Amino acid sequence: MEDIVPYVAQTGFCYLVCYIAAGQDIKDIALAYRVGIQTARVTTHFCCRIIRARLKDQFMNVPSEGY
1003 MEDIVPYVAQ TGFCYLVCYI AAGQDIKDIA LAYRVGIQTA RVTTHFCCRI
1053 IRARLKDQFM NVPSEGY
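Start counting the sequence shown at 1003; every next residue gets the next number (this note's numbering).
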């Protein structure tokens, strides 16, 4: 996991913007940036997990009452 962090810091945001904002498929991102599909998938999902971990308590509160 530690070896992917520098790579994600450099390119992960670009993948994430294409994936979330533009709605591109992982395959299209991989082709556009000339990386493997697995690399694009892992990097994009890694960035999504980081964002979720940082924002979940602020924007996704656990319900206090049962449904």
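A virtual CB, placed ideally from N, CA and C, is assigned to each residue, including glycine. Bear in mind the structure is a predicted one, so any value in this text is a computation, not a measurement.
Original post:
Which residues in the same chain have their Cβ closer than 7 Å to the Cβ of H1047, if we skip the five residues on either side of it in sequence?
Top reply: none
**OP:** Go through its chain and collect everything with a Cβ distance to M1003's Cβ below 6 Å, but skip five positions before and after it.
**Re:** In this predicted model, M1003 has a pLDDT of only 49, less than 50, meaning its place in the structure is not dependable; the value taken from the coordinates is given anyway. Closer than 6 Å at Cβ, skipping near neighbours: no residue.
**OP:** Would you identify the three-state DSSP class for A1032, choosing helix, strand or coil?
**Re:** helix
Subject >> Alpha carbon of R1036 to alpha carbon of R1043, nearest angstrom >> reply: Each residue's alpha carbon lies about 13 Å from the other.
Subject >> Inter-residue spacing [alpha-carbon to alpha-carbon] between I1053 and C1016 >> reply: If you take the alpha carbons of I1053 and C1016, they lie about 14 Å apart.
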